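Structure record follows, encoded as structure tokens.
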Amino acid sequence: TSVKLVASLSMLAHFSMSKAQFPCLPQRAGTGWSSIAGIATPRTQPPSTHPRSLMCASHSRREALMLATIAAPLLSHPTSQALPLAPLGAVQVGENKRTGITIQELKDILARDIGEGMYFVTGNLSPEVFDDNCRFIDPTNDVTGLSRYMKALSILFDPALSKVVLKDIKVTSPSTIDADWVSAGWLKKELFPWQPKVPPFEGHTQYTIGDNGLVVQQKQTWSISALQALRETFTPTFGPREPLL
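This is the structure we're talking about:
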């Protein structure tokens, strides 16, 4: 079990603690970060008010969620097995990529994935229309890899109490599709015992289509700031869990 724990945390560290994604990490030894089994861990020291340190607080909501997702069950059940993460690098998702469809057909598939599949909170998207190396960008995260993205979404939100409402979706150029939506929900109680919720917020997604006809980039903007999103993630909620949208 300990080997699986180290392996899982090492993969998570490789994904979420890289200098490329966290430029605010100190670059010199002895400045606040140490390494245990190849995993970046903070040393005990007074909180920093340096601008670079403050930037770290809001840099990556989903990566912080993934870290909490892995840590919570392991801390509660030391003998439990680590949750599996998607492998690093390119991973084929889906057997037959639909490279020959029109952009209008692609728009209709994405409309179903958002409106019916609500994949932003379930991970239930159509992998056959996404490139396996698709880049996913939002105000708090920038990750490449369809398998990683789908895994992160599937383990974070409670699908019974989370929702996405599609407002509009349209083809905006020969290589872009834009969608507007509203979302809200709860993170999974089993993994987040402080019961954080995500109140309704508006979002805009632009899909970039590659030469192969697949989605090669998904870029989101939100009506809330990255700092507010992070704050909501770690704010406890008391009382019954009810649908927010």
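Just so you know, we're using this note's numbering here: the sequence shown kicks off at 1192 and counts up by one. Built from N, CA and C at the ideal position, the CB exists for glycine as well. Note that the structure is predicted; figures quoted are calculated from it, not measured.
Less than 8 Å between the C-beta atoms of residue i and residue j, yes or no?
i: P1391; j: F1425; result: no
i: K1410; j: I1360; result: no
i: F1348; j: G1376; result: yes
i: P1350; j: T1313; result: yes
i: T1367; j: G1394; result: no
i: V1362; j: Q1295; result: yes
i: L1352; j: R1432; result: yes
Looking at the secondary structure, which residues open and close the beta strand (DSSP E) in which residue i lies?
i: L1357; result: K1354 to S1364
i: D1402; result: Per DSSP, D1402 belongs to no beta strand (DSSP E) and is neither H nor E.
i: R1326; result: F1321 to D1329
i: D1299; result: No beta strand (DSSP E) contains D1299, which is instead part of the alpha helix (DSSP H) from I1294 to G1306.
i: T1335; result: N1332 to T1335
Near residue i, what residues of its chain come up, given a Cβ to Cβ distance below 7 Å and the 5 sequence neighbours on each side ignored?
i: L1357; result: A1302, I1305, G1306, A1370 and W1372
i: S1317; result: I1300 and D1304
i: V1334; result: F1327 and Y1340
i: V1320; result: R1289, L1297, I1300, L1405 and V1406
i: N1287; result: E1319
i: P1275; result: Note on P1275: pLDDT 43, under 50, position unreliable in the model; the coordinate value appears next. So no residue of the chain qualifies.
i: L1435; result: A1375, G1376, K1388, P1390 and P1391
i: H1268; result: Any reading at H1268 must be qualified, since the residue scores a pLDDT of 42, below 50, and its modelled position is unreliable; no value is offered.
Spell out the partners DSSP gives residue i in its beta bridges.
i: A1375; result: K1354
i: K1288; result: Answer is none; K1288 lacks a bridge partner.
i: W1413; result: G1394
i: Q1283; result: Per DSSP, none; premise fails for Q1283.
i: A1343; result: The partner list for A1343 (beta bridge, DSSP) is empty, contrary to what the question assumes.
i: F1348; result: L1378
i: Q1408; result: R1326 and T1399
Less than 6 Å between C-beta atoms, sequence neighbours within five positions excluded: which residues of the same chain meet that for residue i?
i: K1379; result: D1349
i: P1330; result: W1413 and A1417
i: G1221; result: Below a pLDDT of 50, predicted positions are generally treated as unreliable, and G1221, at 39, falls in that range; no measurement from the model is reported.
I'd like the span of the alpha helix (DSSP H) that includes residue i, first residue to last.
i: F1311; result: Y1310 to T1313
For residue i, which residues from the same chain have a beta carbon less than 8 Å from its beta carbon, with the 5 sequence-adjacent residues on both sides left out?
i: P1427; result: W1385, Q1386 and P1387
i: G1291; result: G1404
i: F1311; result: I1305, L1344, V1355, W1372, S1374 and G1394
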